[in-house]
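Note sheet for the following structure.
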Amino acid sequence: MSATSPETTGKIPFTFQGETYSTWYKVVGDLKSGGRPLVTLHGGPGFSHHYMLPHAQFVSRLNIPVVFYDQIGIGESSHPEKGKGEEKKSFWTMEVFMDELENLLKYLGIEGDFDLLGHSWGAFLAVHYASNRVPKGLKRLILADGTCSMQLWTKGTDALRLRLPEDVQKVLKEHEEKGTTDSKEYHDAMEVWFAKHICTANPLPELLAKSFGAMGEDPTVYSAMIGASEVCCTGTLKTWSCIDQLHNISAPTLLLNAPESEAQDVNQWPMFHKIPRVKWVQFAKSTHLAQFEEPERYLEVVGEFLEA
119 MSATSPETTG KIPFTFQGET YSTWYKVVGD LKSGGRPLVT LHGGPGFSHH YMLPHAQFVS
179 RLNIPVVFYD QIGIGESSHP EKGKGEEKKS FWTMEVFMDE LENLLKYLGI EGDFDLLGHS
239 WGAFLAVHYA SNRVPKGLKR LILADGTCSM QLWTKGTDAL RLRLPEDVQK VLKEHEEKGT
299 TDSKEYHDAM EVWFAKHICT ANPLPELLAK SFGAMGEDPT VYSAMIGASE VCCTGTLKTW
359 SCIDQLHNIS APTLLLNAPE SEAQDVNQWP MFHKIPRVKW VQFAKSTHLA QFEEPERYLE
419 VVGEFLEA
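Counting from 1 along the sequence shown, just add 118 to a position and that's the residue number in this note's numbering.
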């Protein structure tokens with residue numbers, strides 16, 4: 119991040135289902151500079167924007183502004199009571215996040231010309247938004263370690279689970295069957311998964327730790343949409359798919375993943391075959407977070423795509 123790059127932060131009013139909330143955002147760089155802004159979508163669902171901040175380096179590298187925000191229910195944005203009660207399953211759907219994104223774009227005045235980069239859950243949201251809302255202003259789409267179908271995500275993670283130590287597999291299975299995935303033993307087993315298929319950087323990067331901390335403070339969104347864990351989806355996303363809408367995406371699209379990422383190749387193939395203009399790049403030395411595991415190559419690959 120350039121020390122001289124201007125930064126603007128604020129909160130945007132956002133109305134959904136008759137209630138008004140607020141979306142916290144940060145713009146690094148100048149939206150009036152003439153460079154097409156890059157809007158970033160963080161993962162989780164339930165992480166904060168912090169771990170996406172390495173993308174601010176594009177301000178100096180490409181002379182473009184970069185937009186970050188905490189999605190509703192997360193970090194500095196509103197944490198709706200409606201999302202915590204009996205209505206939570208009908209509240210936490212793709213609709214609330216797509217509406218929030220559109221509201222942000224319009225507020226910043228960039229809905230007519232922008233690039234979009236989503237990571238993990240952020241890529242789920244990005245591909246669903248691009249294929250269902252088909253925004254005319256979207257010029258380039260980057261889908262990092264995502265999927266277009268939760269069924270495919272589960273297929274990929276099921277295959278990876280078979281490569282875990284047998285005792286870890288046993289712990290995961292037992293607690294999932296008993297409904298005790300909030301136990302320390304299950305969490306410890308998921309730490310093994312994390313080290314193999316989410317991030318190999320040790321110690322944990324500070325920005326990533328901040329995002330984990332935000333989800334720890336309020337796990338509402340993750341619990342509602344994912345449920346038990348990365349490898350056991352029991353939430354509202356369990357049956358989600360946008361495979362049948364992928365052909366609607368007209369923007370040039372970049373797919374990113376790694377052989378050991380929890381976003382396995384099975385998730386990428388439908389997007390690679392059905393999105394009309396698409397490129398797929400893998401990071402051989404990374405798992406799920408190439409921006410920390412292979413930072414220079416990651417910035418080069420994404421930067422070249424944005425400049426092409």
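All C-beta atoms, glycine included, are put in the ideal place defined by N, C-alpha and C.
Report the rounded CA-to-CA distance for residue i versus residue j, giving the unit in angstroms.
i	j	result
L180	V157	14 Å
G255	H168	26 Å
S249	P155	20 Å
K356	Q269	7 Å
T354	T338	12 Å
F410	M333	19 Å
S120	E324	Confidence at S120 is low in this model, with a pLDDT of 44, below 50, so the placement of that residue is unreliable and no value is reported for it.
P394	S368	7 Å
K328	G203	26 Å
D231	V177	17 Å
G274	P321	27 Å
L171	F215	20 Å
F186	V145	6 Å
A174	K206	33 Å
L407	E220	26 Å
H197	G227	25 Å
E335	T405	25 Å
A319	R281	20 Å
I63	I190	Because residue 63 is not part of the residues shown, which for the chain are 119 to 426, the question remains open.
K296	H305	14 Å
In chain order, what residues of the same chain have a beta carbon less than 8 Å from the beta carbon of residue i, not counting five sequence neighbours either side?
i	result
V396	P370, T371, L372, L373, M389 and F390
V153	Val is not the amino acid found at residue 153; the sequence shown has Gly there. Here the set comprises G147, L180, N181, I182 and P183.
Check this for me: beta carbons of residue i and residue j, under 9 Å apart or not?
i	j	result
G240	H160	yes
S166	I182	no
M308	P163	no
D276	S238	no
D233	L424	yes
W142	E194	yes
Rank the options by C-alpha distance to the C-alpha of residue i and give the top, closest one.
i	options	result
H91	Q400, H406, N366 and P413	Nothing about residue 91 can be reported from this structure: the residues present for the chain run from 119 to 426 only.
S151	F312, S123, S341 and E220	S123
D422	S267, K403 and R258	According to the sequence as given, residue 422 is Glu; it is not Asp. The shortest Cα separation from E422 among S267, K403 and R258 belongs to R258.
K403	S267, P394, S196 and Y416	Y416
S359	E295, T211, E412 and L226	T211
I361	C351, V184 and S267	S267
V252	D148, Q135, Q363 and Q400	Q363
E418	H406, Q400 and T405	Q400
Q135	V184, A376, G147 and E213	E213
D285	E303, E412 and G297	E303
E229	Y340, T133 and L149	L149
List the endpoints of the continuous alpha helix (DSSP H) containing residue i.
i	result
W271	M268 to R279
V146	Unbroken run through V146 is the beta strand (DSSP E), E137 to V146; no alpha helix (DSSP H).
E218	M212 to L226
T158	Unbroken run through T158 is the beta strand (DSSP E), L156 to L159; no alpha helix (DSSP H).
R179	F176 to L180
R415	P413 to E425
G334	E324 to E335
G240	W239 to N250
Q386	D383 to K392
K291	E284 to K296
L208	It should be noted that the sequence gives Ser, not Leu, for residue 208. Element bounds for S208: K206 to F209.
Spatial neighbours of residue i within its chain, please: C-beta separation below 7 Å, excluding the five flanking residues on both sides.
i	result
T265	F242, W271, A381 and N385
A346	E294, T299 and T352
Q287	R279
V349	T275, R279, L290 and W311
G128	Y143
S301	H293
L222	I130, T141, Y143 and Y187
G147	S123, P124, V177, I182, P183 and V184
W398	L373, Q386 and F390
Y340	G162, P163, G164 and M333
P413	P172
Taking 9 Å as the CB-CB limit, is residue i close to chain B?
i	result
H168	Of the protein chains in this structure there is only one, and it is not chain B.
Got a sec, what are the start and stop residues for the beta strand (DSSP E) residue i sits in?
i	result
Y169	Segment: none, Y169 is in no beta strand (DSSP E) and carries neither H nor E.
P131	E125 to F134
S347	G345 to S347
K257	L256 to A262
Q189	Segment: none, Q189 is in no beta strand (DSSP E) and carries neither H nor E.
L355	Neither: L355 is in no beta strand (DSSP E) and is coded neither H nor E.
K403	Counting along the chain, K403 falls outside any beta strand (DSSP E), and DSSP gives it neither H nor E.
N320	Run containing N320: none; DSSP gives neither H nor E here.
T371	T371 to N375
Leaving out five residues before and five after residue i in sequence, what residues of the same chain have Cβ atoms less than 6 Å from its Cβ?
i	result
T138	P131
F209	K200 and G201
L290	A307
P283	none
S379	D263, T405 and H406
Y225	I130
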